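Note that the protein sequences, when read in sequence, are chains Y and G.
Each residue of the first sequence is one higher than the one before, starting from 1 at the first, in the numbering used here.
Each residue of the second sequence is one higher than the one before, starting from 828 at the first, in the numbering used here.
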Amino acid sequence: MLSNNLKLAWHFYKQEYQSSHQRLLRWIQGILLLFIITLSQSSISIQAYLDHNLQSLLGADAVLSQKAELTPSQHTEVIEITDDMVITQHIKTTLTHNGQWQQAKLKAVGEHYPLQGELLTSTALKEKGMPTFAAPKNGHIWLDARILASLSLNIGDHLQLANQQFLVSRILQHEPDRLMEGHTVDMRAMINLQDMKALNFSPDLIHYRYLLAATPAQVNNLIKWQENNLPAAEIRHKNGNHPLALFWQRTENFMGLASIILFFMAAIAVNQLTQVHMKKDQYFSAICMSLGASNSTGIQVSFFKWFIGLLLLLPVVVLLSACSHWLIVNWLQETFADMQWQWHAKSALVSISAVVTIFAVFHAPVWLSLRNNSVANLFADKSKGLSHWLSKISSLIVLSAVTITYSDNALLTMMMVAATLFTIILMILISWSTLTLGEKFTQNFSGLVPFSLFMMKQRLVSKSTQILGIGLCAFLLLFTLMLLKDLGATMSSYQRQHDGNVMISQATKPQMQFIENWAKEQKIAVRQAKPYMYAKLIEINQQSLSKFSDKPSDSLATFSRAIRLHWTEQVPQNNKVIDGQWWQPNSENWQQVSIEEEVMTDLGLAIGDWLTFFIGQEEIKFQITASHVFKPGAGSITFWVQMPPTALAHIQAPHYNMASIELDSQQWPLLANLWQKFPSLRMISLKEMTDLFDRMLAMITKVISGFSLMIILLAGVVILASINALESKEKKKNSIIMSFGFTRSTCLKLNIIEWLVTASITATGAILGTYFTGLLIYQSQFSLNYQPDFVWLIATLATILCLVTGLGIYASRSNLKSSVKQLMADT
Amino acid sequence: MSNYIELKKISQSFNTNDATITLFNDLNLVISQGESYAITGPSGAGKSSLLMLISGLEEPTSGQGIYVDVEQKKTLKELRNDIGFIFQQFHLLPELTALNNVALPLKLRGDKNAMAKAKVWLDKVGLAHRVDHKPSELSGGEQQRVAIARALVFEPKFIFADEPTGNLDQKSATEIANILFTCCQENNAALVLVTHSETLAARAQHKYLLADRQLNQTVSPSDLDTNNIVQVASC
Chain Y
1 MLSNNLKLAW HFYKQEYQSS HQRLLRWIQG ILLLFIITLS QSSISIQAYL
51 DHNLQSLLGA DAVLSQKAEL TPSQHTEVIE ITDDMVITQH IKTTLTHNGQ
101 WQQAKLKAVG EHYPLQGELL TSTALKEKGM PTFAAPKNGH IWLDARILAS
151 LSLNIGDHLQ LANQQFLVSR ILQHEPDRLM EGHTVDMRAM INLQDMKALN
201 FSPDLIHYRY LLAATPAQVN NLIKWQENNL PAAEIRHKNG NHPLALFWQR
251 TENFMGLASI ILFFMAAIAV NQLTQVHMKK DQYFSAICMS LGASNSTGIQ
301 VSFFKWFIGL LLLLPVVVLL SACSHWLIVN WLQETFADMQ WQWHAKSALV
351 SISAVVTIFA VFHAPVWLSL RNNSVANLFA DKSKGLSHWL SKISSLIVLS
401 AVTITYSDNA LLTMMMVAAT LFTIILMILI SWSTLTLGEK FTQNFSGLVP
451 FSLFMMKQRL VSKSTQILGI GLCAFLLLFT LMLLKDLGAT MSSYQRQHDG
501 NVMISQATKP QMQFIENWAK EQKIAVRQAK PYMYAKLIEI NQQSLSKFSD
551 KPSDSLATFS RAIRLHWTEQ VPQNNKVIDG QWWQPNSENW QQVSIEEEVM
601 TDLGLAIGDW LTFFIGQEEI KFQITASHVF KPGAGSITFW VQMPPTALAH
651 IQAPHYNMAS IELDSQQWPL LANLWQKFPS LRMISLKEMT DLFDRMLAMI
701 TKVISGFSLM IILLAGVVIL ASINALESKE KKKNSIIMSF GFTRSTCLKL
751 NIIEWLVTAS ITATGAILGT YFTGLLIYQS QFSLNYQPDF VWLIATLATI
801 LCLVTGLGIY ASRSNLKSSV KQLMADT
Chain G
828 MSNYIELKKI SQSFNTNDAT ITLFNDLNLV ISQGESYAIT GPSGAGKSSL
878 LMLISGLEEP TSGQGIYVDV EQKKTLKELR NDIGFIFQQF HLLPELTALN
928 NVALPLKLRG DKNAMAKAKV WLDKVGLAHR VDHKPSELSG GEQQRVAIAR
978 ALVFEPKFIF ADEPTGNLDQ KSATEIANIL FTCCQENNAA LVLVTHSETL
1028 AARAQHKYLL ADRQLNQTVS PSDLDTNNIV QVASC
């Protein structure tokens, strides 16, 4: 019996293969499967790469890292716990040569370096790296190839660092403990530990790293020891997570969240197509049942037919996914060098199973409608009701499940869902009011427009579904494109307008004082200068950060490192208090902080919660008394955590400054002197900043463009599906109109008017929805002041009108291939 | 003579993969406004195709068709504004109420009194109490009455009906026939119907048989027994 049904399903699958409803279903399934399989393959490849990277690039069994040097007693305790220890010191500095400068990460190593793995160096650029077993000699410096190019240096040249001369003696090819810096693009330089001491950098600017050889048991003891003695220190070990693991998981979650949009569009398209599938399968099932078959025959044939379709689609999808995966791996090699393409069959199987299950849920109403109906009902096509609602509910459940699984930034997810719901309600209201009022007001006018409005109003339910489907696609597409455009334009103009052209991200107190005097002398404008100290969040309400939340988020990722803690008496001009109360001047209660709103939401914090920070060498508790948000227009330097200045009297920690200065073109060479005097000054020019920004934007553009392509493809499929769903009705309508003595051109004109009305409602809804979403999301998520560009919006409106009308008319041209004779033949 | 349609030496044929099939040859026919015509014949003889040719919706393979409107000779294409159709399957739009279905052709023509006129016509076909009902809530006979009202509401000069009672029981068929003939007569519209039903065909003033590619008149007005014409009280 089963094999007979399978044969029958195969037969019908072949018969329906070319029909538009099957073709559209294949497109939807194909696009989503391609997206999800590629995403999961890329994700697994990156995870595997990171894992391998962790094993081979840690350069030790465990690495303990912190801003301060271990005290002699701590040093002794760590030596006792582990087998071997190698110390490295790191500082961000600026190297100068012949008036040129280049920022670099300077690493100082001793004679025992490296602890594990191979240090590779060479004496010529094209030479292969040779294993090197000793640190650079005193007065020598080893540079990576990029610095040599950037400063026009050759082996044997001398360069200047903090007024000391260093001989460039080797090219740095590979450091076995590069992992900790794996995701930065900083240029690298290496000197001897003795020279580092001689350079006499302020100790608080140096980062200390202890490479340790230890057994897994010793590593566990070390972790316990670190938790008790050095809570603010960072520890990495071979059994733990890669430093980039959390970052990647967040990226993956963001992509996953974005895929909800694709699933949502697929649900709309499948929902439209379900009407056609239901009708066809019901008709077939009714015939089978009238010939004595049970209703399970119809369900089985329908299921097998659907399953065969998917099964035959898989080889094509898998092949395309493999190609896309290969392209992505190649692209990612810029970030993750040596990453290899590899196919992960198990992961592909899991992804396919999940997506197939989701598709089955979307398609389930067809099978349910066959199960719950009798022959009479099937022929009469009165199958709505239970299955109709089940289809909506099941789709909603699936979409909610996908949302919950991928939700990363709770606030953003909530806002996106709210914006989508708002747009749906808005479009229903616009459809209803436009068609009702339009029909009412044009009742006394003659012509095709009043007639079209009358017909659309009469078919409000089916028309609204079509408008909603197309409208949501337009909204999602518009928002994605607008975000891409505005994020680039607003951010770059904002940076250029308010921040001067040199940003100082870390200057010590003496450095800042010097800069201020130097700026005055040179007539350079200091735009902003704000003090801060480094603080590492270790506990929230006496619960350690790692135990408090294991869900990756923007805020948590940042709080895993020391953050900048700012102090100020008044609310900064570029901030606004939105909850709680800002401290009074000279407040005696110094243990209070104001936290940025998004951080509050991300970490689930509330006014009154207690945060424990590790500052300097002590733990300090603060209560959250206020929450602030960024207010544009008064400079971009803002801080997530701020405290009253009275707290300074109770905290022993180095003070730093963030500042921005404005130099004109003749003043640029002055920077070289400044860097020679303060090589550890962290300063970045507008050009470097915009280069960095442009690189980031180029990456975002690539990702969003790829994603937009998916949305455009799916939007096209949704429009085609909605036309396909109404095709038989439209054909009949046109035939009837022709039977009243009208020509095909009248039907075409009516069709154009209907699509223009549909497109107008769609575009208005999409633009209003986008505007609302912009207002809701821009400020809170991207700190952008949303100022809609009306010319752009009107141009977009016109584009949507043309595209939707054009595609609608083109796709529904088969509806016009109707005739009165077809009505006669339809017996 | 009032307005009429004249077909002269009309032939219709079509090509299949390997043969040409001729439906009819050298056919002559005159349809005058205000009179009724029935075309019978076996299935596949080309009755529906003939209906399409008479109404000007299809072109013949050879021959000529003219439409004489107030003594003006026109092509059959110009007949379009003066024709209405009634189908075996009723073909009402399911989303519209009976009233809106009837008002449809008037609205398309921009008639401001569309709804009022539609109401009058629904009353004429005996459905004044069903104006707000959708087709799915009406019986077959009622649906066909709505279809008749819809075909006649814009007062076409020629009504073409394809098996108008083919889907109805005997009682409903008789009722529909009464309404159809009477309404066309009262409206001074020609009624051209294609049917297998001898009973229905017998009520037409002119009866033709289309068989073996020929159209032969079997009954003319002079043959009619006027006693057989059933008069309906109203339309």
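Backbone N, C-alpha and C define an ideal beta-carbon position, used for all residues, glycine too.
Quick caveat: nothing in here was measured; it's all calculated off a predicted structure.
Note down, in chain order, every chain G residue with its Cβ under 8 Å from the Cβ of residue i.
{"i": "Q736(Y)", "result": "In the sequence as presented, Gln is not what sits at residue 736(Y); that position holds Ile. Within 8 Å Cβ-Cβ: H918, L920 and L931."}
{"i": "N444(Y)", "result": "K939"}
{"i": "F742(Y)", "result": "R907 and L935"}
Alpha carbons only, please: which of the options is nearest the one belonging to residue i?
{"i": "E905(G)", "options": "K7(Y), T743(Y), A162(Y) and Q642(Y)", "result": "T743(Y)"}
{"i": "F133(Y)", "options": "E597(Y), Q226(Y) and H174(Y)", "result": "H174(Y)"}
{"i": "L115(Y)", "options": "L211(Y), N751(Y), A286(Y) and V316(Y)", "result": "L211(Y)"}
{"i": "Q300(Y)", "options": "L368(Y), S431(Y), R188(Y) and H344(Y)", "result": "L368(Y)"}
{"i": "L205(Y)", "options": "M130(Y), N138(Y) and Q89(Y)", "result": "Q89(Y)"}
{"i": "P932(G)", "options": "V958(G), V973(G) and A978(G)", "result": "A978(G)"}
{"i": "A60(Y)", "options": "P679(Y), L349(Y), P654(Y) and K238(Y)", "result": "K238(Y)"}
{"i": "N574(Y)", "options": "H628(Y), V526(Y) and Q584(Y)", "result": "H628(Y)"}
{"i": "Y13(Y)", "options": "K137(Y), L726(Y), S302(Y) and Q666(Y)", "result": "S302(Y)"}
{"i": "A266(Y)", "options": "N815(Y), I31(Y) and R146(Y)", "result": "I31(Y)"}
{"i": "E227(Y)", "options": "K547(Y), Q333(Y), A634(Y) and H207(Y)", "result": "K547(Y)"}
{"i": "I910(G)", "options": "A217(Y), I736(Y), L748(Y) and G774(Y)", "result": "I736(Y)"}
{"i": "Q839(G)", "options": "H956(G), T849(G) and D845(G)", "result": "T849(G)"}
Contact check, residue i vs residue j under 8 Å by CB: the rounded distance?
{"i": "Q443(Y)", "j": "P450(Y)", "result": "7 Å"}
{"i": "P572(Y)", "j": "T638(Y)", "result": "7 Å"}
{"i": "E767(Y)", "j": "L797(Y)", "result": "Per the sequence shown, the amino acid found at residue 767(Y) is Ile instead of Glu. With a Cβ gap of about 6 Å, I767(Y) and L797(Y) count as contacting."}
{"i": "S963(G)", "j": "T992(G)", "result": "Going by Cβ atoms, the distance from S963(G) to T992(G) rounds to 21 Å, so no, they are not a contact pair."}
{"i": "I837(G)", "j": "F985(G)", "result": "With 8 Å as the limit, I837(G) and F985(G) do not qualify as a contact, their Cβ atoms being about 17 Å apart."}
{"i": "V109(Y)", "j": "L143(Y)", "result": "That belief does not hold up - the Cβ atoms of V109(Y) and L143(Y) are roughly 14 Å apart, past 8 Å."}
Which residues does DSSP pair with residue i in a beta bridge?
{"i": "F166(Y)", "result": "L159(Y)"}
{"i": "E662(Y)", "result": "A525(Y)"}
{"i": "N517(Y)", "result": "The partner list for N517(Y) (beta bridge, DSSP) is empty, contrary to what the question assumes."}
{"i": "S65(Y)", "result": "R209(Y) and E234(Y)"}
{"i": "P131(Y)", "result": "L120(Y)"}
{"i": "W610(Y)", "result": "Q623(Y)"}
{"i": "I91(Y)", "result": "L106(Y)"}
{"i": "D84(Y)", "result": "A213(Y)"}
Going by DSSP in three states, residue i sits in which element: helix, strand or coil?
{"i": "H956(G)", "result": "helix"}
{"i": "N842(G)", "result": "strand"}
{"i": "Y656(Y)", "result": "strand"}
{"i": "G706(Y)", "result": "helix"}
{"i": "E1013(G)", "result": "helix"}
{"i": "T1026(G)", "result": "helix"}
{"i": "V1059(G)", "result": "Low confidence applies here, because V1059(G) scores a pLDDT of 45, under 50, leaving its location unreliable; read the following figure in that light. Coil."}
{"i": "L894(G)", "result": "A quick correction: the sequence has Tyr, not Leu, at residue 894(G). Note: Y894(G) maps to strand in three-state DSSP."}
{"i": "L291(Y)", "result": "coil"}
{"i": "Q497(Y)", "result": "Unreliable positioning characterises Q497(Y) in this predicted model, as indicated by a pLDDT of 47, which lies under 50. A coordinate reading is not provided."}
{"i": "Q218(Y)", "result": "helix"}
{"i": "S814(Y)", "result": "helix"}
{"i": "A535(Y)", "result": "strand"}
{"i": "L59(Y)", "result": "As written in the sequence, residue 59(Y) is Gly, which differs from the Leu given in the question. In this structure, G59(Y) counts as coil in the three-state DSSP scheme."}
{"i": "A9(Y)", "result": "helix"}
List, in order along the chain, the chain Y residues whose C-beta lies closer than 7 Å to that of residue i?
{"i": "D989(G)", "result": "M824"}
{"i": "K836(G)", "result": "Correct list: empty, because the minimum Cβ distance to chain Y is about 23 Å."}
At 7 Å on the CB atoms, spell out the chain G contacts of residue i, in chain order.
{"i": "Q458(Y)", "result": "E922, L923 and N927"}
{"i": "G447(Y)", "result": "G937"}
{"i": "F451(Y)", "result": "K934 and L935"}
At 8 Å on the CB atoms, spell out the chain Y contacts of residue i, in chain order.
{"i": "S875(G)", "result": "K821, M824 and A825"}
{"i": "P983(G)", "result": "G741"}
Should residue i be flagged as near chain A, meaning a C-beta pair shorter than 8 Å?
{"i": "L884(G)", "result": "Looking for chain A here will not work: the only protein chains present are Y and G."}
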